[in-house]
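**Q** Sharing a structure, written as structure tokens. Questions coming.
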Amino acid sequence: MNNKLVLLAVSGAFAVTALQSCKPQNTSSVVSGNASVKAYVAPGKYDEVYNFLSGGFSGQMSVYGLPSGRLFRVIPVFSVDPEKGWGYSEETKPMLNTSHGFVPWDDLHHVQLSKTNGDADGRWVFGNANNTPRIARINLKTFKAEEIIELPNSAGNHSSPYLTENTEYLVAGTRFSVPPDNANGDVPINTYKQNFKGYLSFVSVGKEDGKMDIAFQLECPGVDFDLSRAGKGVSHGWFFFSCYNTEQANTLLEVNASQRDKDFIMAVNWKKAEEYIKAGKGRKEKVKYVHNVYSEATHSASSEMKTEVTILNVKDFPDLCYMMPCPKSPHGCDVDPTGEYIVGSGKLAALLPVFSFSKMLKAIESKAFDGAYDGIPVIKYEAALYGEVKKPGLGPLHTEFDGKGNAYTSMFVSSEVVKWNIKELKVIDRVPVFYSVGHLCVVEGDSKNPTGKYLIAYNKITKDRYLPTGPELCQSAQLFDISGEKMEMILDFPTIGEPHYAQAVLAEKIQKNSQKIYKIDENKHQYVTKGEKESKVVREGNKVHVYMTCVRSHFSPDNIEGIKMGDEVYFHVTNLEQDWDVPHGFAVKGAVNAELLIMPGETQTLKWTPEKPGMWPFYCTDFCSALHQEMQGYVRVSPASSNTPLVWSLGTNLPKAEEPASK
Amino acid sequence: MSLLSRIGIIVAAVLLIGSTFVPIWQIDLNAPQYPEGLTLKIYTDTLGGNVDIINGLNHYIGMKTLHTKDFIEFSVLKYIIYFFAGFSLLVAFVGNKKILYTLFSLFVLFGVVAMIDFWRWEYNYGHDLDPHAAIIVPGMAYQPPLIGFKQLLNFGAYSVPDTGGWLFVISGVLMLLVVIKELKFSKNENK
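Right, here's the structure in full:
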């Protein structure tokens, strides 16, 4: 009897243990003992890697250090940032101009580091605006957005801003096909098939200065262009675009755009397109798009409205584009470091097709076609296919590479990262992520020479990973050590906005070029003040220009009288400091505006329209020195009819103070 | 004077000329906010290093700003050194011991006067403070050390000869050795 009871108890305990081991893995089972050591960067020590994250719906780009996951900076790009005066100062307002006017927000999805010979060169990082199609270039000396170009004929600028191996071109494919800009867009939506087109923009990048220009656009069938990658090495000269909704549905896409068993990866021979453009085969179209440039010399941005693009209709050039069938609404189409393999990730597919570039070329040569899609030859699936990875996971999205013959694919639905061998098409390892990974990146993982030490997963769902903050939670990134055979999770870190793609690069490529100050001697701002003696206040009608300087710990002038109601006051504040890490800030009480943050040697302008007479203090907002609290001043505003003289001063009262009468 | 002595004096002259191309003195400043340090380099005819930054910081304590043009020394120092270099060459050429001793005495005198002058400047800058300065610490002066280390509020100041100063010292030592050698020689001759 007793024996039976013992047996029962033992088997019960065994059953519980067995059940436990069947439970899905959780954090404690995937984080091993020395993970904290691997992610630990001691105070005062530098990280090995810069990680540039798209901010998604924040519109900005954030800069993290790896392996620590520390946030260094949020670079304002497509959204206003009152903290830095971005979009508020007179100098930066033009950066957010578009053909639709000033747009204060956008959705930055993908980042691309500039490349030379297929490797990150640390000069610039590019980001796309998804909503009002634009591309921005950020200078990695100053970590400042210095150019933004708008893209006509486009909507949902999603397959963007992917670039070629020497940064010859950035591409920008439209996710929402739309009627072209100069066509009548006021048509029934159900005429999608007749009236909607998908445009791919090729934006050239200046070799030395990085200046962007729309070299040409390809007019393609009206489908949804999702993501893209340039060929490299053997496939240099080609671009690959994934596309879905080849059903050309215009409503309930989640069902209607998922009908076909295969959509396409479109291969574009851009060298050929270049030749056609050179031969004058393009047609010019009148469009409107804005090109904004920030000058480091004048510390000011300017906007230019451009009016023409050159277009090639791919239907008219049969050797320009080819369709490779790819299972079920492909998302990522990623090219391995050799340039030979192209990995398509069908969001709804149960396998991962790997295409071979050399087989694709042979198929084109031997015309192994399976008809055409809207005039574009469709290559037979097997003719370009290298092979399929069977049962990789559910919901494959994006793939990057470690340079050792392995690929890493994010699986949204099964919430894991899967490591597999490209040649053998075999899964090597899989790790759970928390939860539902979107993009992932390996350090320089899209280059010819990835430095495969770390992989970062950017997850869409955070849930219980951090202390809760109400219904709205941060987004989460997870860091993996991939130097061994098995991937090892070593860190979680929260991110700003909602990162989509991110890129990581060895710190040494950027760190040494980072600028410390702007030289005051080289400041060519129209309203620069190169010394306190030059500070002044100038009235031009109802516009008042204040030529103001700041230095630890005062503004010059710090007392201003004679401003009248109806005036527009422009504070042109020059930071005279020439020492590293001594910015000053500037804010005025009641200004319907933001603050300024002025870096050493820089001039920035805050526009202020006083709304009533009285006394209006201003002060330095960036703790600059032991006497920062003393860094303040007053502006006196008088009624429009008053005759208060325009005076300004520092240190001595102007007008002279009257002695109070003694008793 | 022996040939060796003459060569010694010529080398001293060359070193003196060399000292006019490099900084002769440096004052290193370190503070918690300046882990990379700030340096004031003193040349024979100008100030170098982080002069502007140091001036910016010194306004808190009401110290006068440093400007090359405020120092008469910078317009003559170079020529005094040229004079000594020329004088040395003359000594080497003529080989007269009396002139050698005169050179050495003048050189030592110059060295002493220069150091006194340097101390005087340091004293004046360290004590002649604006009474309206933002930071006034009763009894506190900001005279940097003539040579060596001193803590001045949050800054540690370290004052030492720079390359030119060392060249200067070496040429002085060379002259001294030549003088000793010649003195011994003359004693031997007298026996």
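Those protein sequences? They're chains A and B, same order as listed.
Going by my numbering, the first sequence opens with residue 560, and the numbers climb by one from there.
Going by my numbering, the second sequence opens with residue 1144, and the numbers climb by one from there.
We treat Cβ as the ideally placed atom computed from N, Cα and C, and that holds for glycine.
Taking only three categories from DSSP, how would you classify His-1187/A?
**A** Three-state DSSP puts His-1187/A in a helix.
**Q** According to DSSP, is Thr-869/A part of a helix, a strand, or is it coil?
**A** DSSP places Thr-869/A in strand when its eight states are reduced to three.
**Q** Counting only C-beta atoms, is Gln-1074/A closer than 9 Å to chain B at any point?
**A** With 9 Å as the cut-off, Gln-1074/A does not count as an interface residue toward chain B.
**Q** Do you know offhand how far Phe-616/A's Cα is from Asn-1152/A's?
**A** So the two alpha carbons sit approximately 23 Å from each other.
**Q** Going by DSSP, what residue range makes up the alpha helix (DSSP H) through Ala-1254/B?
**A** Reading the sequence as shown, one finds Gly at residue 1254/B and not Ala. Its alpha helix (DSSP H) spans residues 1240-1270.
**Q** For Asp-1195/B, report the span of its alpha helix (DSSP H) as first-last.
**A** Note, Asp-1195/B: alpha helix (DSSP H), 1194-1201.
**Q** Our contact map puts Tyr-848/A next to Lys-865/A with C-beta atoms below 8 Å; I'd like the distance itself, whole angstroms only.
**A** Rounded, the Cβ-Cβ distance is 5 Å, consistent with contact.
**Q** Considering only residues of the segment 787-853 of chain A, which uninterrupted beta strand (DSSP E) runs meet the minimum length of 3 residues and lie entirely inside it, listed in chain order?
**A** The qualifying runs are 797-803, 821-828.
**Q** Can you tell me whether Gln-1085/A is helix, strand or coil according to DSSP?
**A** In the structure shown, Gln-1085/A sits in coil (DSSP, three-state: anything other than H, G, I, E or B).
**Q** What residue range is occupied by the uninterrupted beta strand (DSSP E) comprising Ala-714/A?
**A** First-last for Ala-714/A: undefined, no H or E at that position.
**Q** With burial defined as no fewer than 16 other Cβ atoms inside 10 Å of the residue's Cβ, what is the status of Leu-1014/A: buried or exposed?
**A** Classification for Leu-1014/A: buried.
**Q** Check Ile-773/A in the structure and name its three-state DSSP category.
**A** Of the three classes helix, strand and coil, the one that applies to Ile-773/A here is strand, per DSSP.
**Q** Along the segment 1167-1189 of chain A, what residues have a CB closer than 9 Å to any CB found in chain B?
**A** Going along the segment 1167-1189 of chain A in chain order, one finds Ser-1184, Ala-1185, Leu-1186, Glu-1189 with a Cβ nearer than 9 Å to chain B.
**Q** Within 9 Å of any Cβ in chain B, is that where the Cβ of Arg-696/A sits?
**A** For Arg-696/A, the answer is no, since every Cβ of chain B falls outside 9 Å of its Cβ.
**Q** Taking the alpha-carbon positions, what's the Ala-574/A to Ser-1006/A distance?
**A** Here the model assigns Ala-574/A a pLDDT of 45, short of 50, so the residue's position is not dependable and the matter cannot be decided.
**Q** For the segment 720-769 of chain A, list the alpha helix (DSSP H) runs that are entirely contained and at least 4 residues long, ordered along the chain.
**A** DSSP runs (the alpha helix (DSSP H)) wholly in the segment 720-769 of chain A: 751-754.
**Q** Can you pull the chain B residues whose beta carbon is under 8 Å from the beta carbon of Arg-734/A, in chain order?
**A** Under the 8 Å cutoff, chain B gives no residues; its nearest Cβ is about 48 Å from Arg-734/A.
**Q** Under 9 Å, do Phe-993/A and Thr-1021/A count as touching if we go by C-beta distance?
**A** Closer than 9 Å, so yes.
**Q** According to DSSP, simplified to helix, strand and coil, what is Glu-1057/A?
**A** Three-state DSSP puts Glu-1057/A in coil, outside helix and strand.
**Q** Does the CB of His-1202/B have a neighbour CB from chain A at under 9 Å?
**A** So, interface residue.
**Q** Quick one: does Asp-1195/B have its CB under 9 Å from some CB of chain A?
**A** By this cut-off, Asp-1195/B is an interface position.
**Q** Examine chain B for any beta-carbon lying closer than 9 Å to the beta-carbon of Glu-1031/A, and answer yes or no.
**A** No - not a single Cβ of chain B is within 9 Å of the one on Glu-1031/A.
**Q** Under DSSP, the alpha helix (DSSP H) around Val-1151/A begins and ends at which residues?
**A** From DSSP, Val-1151/A is part of no alpha helix (DSSP H); its letter is neither H nor E.
**Q** Just the Cα atoms here: how many angstroms apart are Asp-674/A and Leu-710/A?
**A** The amino acid at residue 674/A is misidentified as Asp; the sequence shows Lys. Using only the alpha carbons, I get a separation of about 22 Å.
**Q** Tell me whether Val-1141/A sits in a helix, a strand or coil according to DSSP, three-state version.
**A** In the structure shown, Val-1141/A sits in coil (DSSP, three-state: anything other than H, G, I, E or B).
**Q** Would you list, in chain order, the members of the segment 1115-1129 of chain A that have their beta-carbon closer than 9 Å to a beta-carbon of chain B?
**A** Answer set for the segment 1115-1129 of chain A: empty.
**Q** How many angstroms separate the CA atom of Val-1206/A from the CA atom of Gly-1100/A?
**A** Spanning the two alpha carbons is a distance of roughly 16 Å.
**Q** Going straight from the alpha carbon of Lys-1241/B to that of Val-1165/B, what length do you get?
**A** Between Lys-1241/B and Val-1165/B, the C-alpha separation is close to 31 Å.
**Q** Using the Cβ count rule (16 or more neighbours within 10 Å means buried), how would you classify Ala-1284/B?
**A** Per the 10 Å Cβ criterion, exposed.
**Q** In chain order, what residues of the same chain lie with their CB nearer than 6 Å to the CB of Leu-1213/A, ignoring the 5 residues before and after it?
**A** Excluding positions up to five away in sequence, the list reads Val-1206.
**Q** Just how far apart, CA to CA, sit Arg-682/A and Thr-1162/A?
**A** About 24 Å.
**Q** Three or more C-beta pairs under 8 Å: does that hold for the segment 1133-1140 of chain A against the segment 1156-1173 of chain A?
**A** The segment 1133-1140 of chain A vs the segment 1156-1173 of chain A: in contact.
**Q** Going along the chain, which residues of its own chain have a beta-carbon closer than 6 Å to the beta-carbon of Ser-1208/A, five neighbours each way excluded?
**A** Excluding residues within five positions, the ones whose Cβ falls inside 6 Å are Pro-1116, Asn-1118.
**Q** Keeping to the same chain, check which residues put their C-beta closer than 8 Å to that of Phe-1261/B; ignore five residues upstream and five downstream.
**A** Taken in chain order, the residues that qualify are Trp-1168, Leu-1289.
**Q** Can you tell me which of the three DSSP states Lys-949/A falls into?
**A** Three-state DSSP puts Lys-949/A in a strand.
**Q** For a contact defined as C-beta to C-beta under 7 Å, what are the partners of Ala-1277/B on chain A?
**A** Near Ala-1277/B (Cβ distances below 7 Å), the residues of chain A are Leu-1186.
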